[in-house]
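Q: Residue numbers (the numbering used here): 651 to 1035.
What follows is the structure, encoded as structure tokens:
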């Protein structure tokens, strides 16, 4: 047995066999040196490039892709990240686009550093996987969610309206036990309608049909509207909503309703995980390029591994405190901020609360609010709304 293992350990796979294995893959494989010259391409990528294999190796890689990236935005073209030396030592994965004749093709590009036997960096290895089928399936899923949600919203609205009429006395006196049951049904209807609305929003965002109505906005004005909406909910658990920072912020170009949805989602999320008698604070700041809003709570915090995951669809951080929900709120919030050209992230330490920060590009030469009002040069120091 030992002798067999020894022979197996010494056996080497011929280079021709390795090339045959790589050529049999359906994904395109590309290896380049540090000067971006092609070291190797497999048969799948050669077919997509439409260039004979013998004319590929030794050529500058970007030239091979010229026919594929015609009319595709530069930031989505394959290979452009090779110029970024800071990322040359890390594996990366991203979605790119190219052309196959008149057809736009979606690819996932996975790349990793290419090293020799001594561990010296000699280039980079790329793998291109066709995503068109996945895109088709995603579109079918989005269409189904959109149709189903529309069909569900109408009867749910009618059911809620009927319950409201009965609770309002339109059907005569109702016993105490019946009222309690109707209130449970009313709460369930509200939750179902929120879920349906979230699904519709997510479907529109994924289909690129969100339709933003952009106008100059002051984030503090938007936040004050959100606070007024959620103040009764905060009062139930005696949670204090505080608004800090300068009120004469530079304007941002944004959709008022959608940014109010972003702020409302973040505040509601903070309230859900805040302890009784706790505080939820909104802080604002601005620099030369961005206007920022930070929503902080005093809850249980989020595990470091969950900080990125919680912005995914149907994702929730595990928590011993109040939970529930659909796991769509933060996904929609992230998508809306990104749709505005902004950034959003979470900061947290378990046991010490969480901070959700989003930034939107400021409008050049932004003016103050029409009323010109400001509380002080440095803004309010913890004004309570």
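Note that the Cβ used here is the ideal one computed from N, Cα and C, for glycine as well. Bear in mind the structure is a predicted one, so any value in this text is a computation, not a measurement.
1) According to DSSP, what are the bridge partners of residue 944?
2) In chain order, what residues of the same chain lie with their CB nearer than 6 Å to the CB of residue 795, ignoring the 5 residues before and after it?
3) Would you call the CB atoms of residue 872 and residue 816 closer than 8 Å?
4) Taking 8 Å as the threshold (C-beta atoms), are residue 691 and residue 703 in contact?
5) Classify residue 820: buried if its beta carbon has 16 or more other beta carbons within 10 angstroms, exposed otherwise.
6) Starting from the C-beta of residue 970, find all residues in its chain whose C-beta is less than 6 Å away, skip the five residues before and the five after it, and write them out in chain order.
7) Which residue's Cα is closest to the Cα of residue 924: 677, 706, 945?
8) Across the region 766-779 and the region 672-680, are there enough close Cβ pairs to call them in contact, namely three or more that are closer than 8 Å?
9) Just to confirm my understanding: we take residue 813, look at its own chain, exclude 5 residues before and 5 after, and list those with CB closer than 8 Å. What are they?
10) In the DSSP assignment, find the beta strand (DSSP E) that holds residue 779 and state where it starts and stops.
11) Please confirm whether residue 885 and residue 913 have their CB atoms less than 8 Å apart.
12) Look at the Cβ atom of residue 683, then the Cβ atom of residue 769, and state whether they are nearer than 8 Å.
13) Pairing CB atoms from the region 999-1014 with CB atoms from the region 939-954, are three or more of them under 8 Å?
14) With three or more beta-carbon pairs closer than 8 Å as the criterion, would you say the region 950-963 touches the region 995-1003?
15) Taking residue 693 as part of the alpha helix (DSSP H), name the residues at either end of that continuous run.
16) Which residues in the same chain as residue 963 place their Cβ atom closer than 8 Å to its Cβ, once the five residues preceding and following it in sequence are excluded?
17) Output the boundary residues of the beta strand (DSSP E) element that contains residue 905.
18) Please report the straight-line C-alpha distance between residue 745 and residue 906, rounded to a whole angstrom.
19) Under 8 Å between the Cβ atoms of residue 868 and residue 899?
20) Could you work out which residue in 686, 707, 917 is closest to residue 693 when comparing CA atoms only?
A: Working from what's here:
1) 933, 1007
2) Exclusion of the five residues before and after residue 795 leaves 849, 853 as the residues of its chain whose Cβ lies within less than 6 Å of its Cβ.
3) no
4) yes
5) exposed
6) Because the pLDDT of residue 970 is 47, which lies under 50, any placement of that residue in the model is unreliable, and the question is left without a value.
7) 945
8) By the criterion of at least three beta-carbon pairs nearer than 8 Å, the region 766-779 is in contact with the region 672-680.
9) 832, 835, 836, 839
10) 771-780
11) The Cβ atoms of residue 885 and residue 913 do not sit closer than 8 Å to each other.
12) no
13) yes
14) yes
15) 693-699
16) 852, 977, 978, 981
17) 902-905
18) 30 Å
19) yes
20) 707
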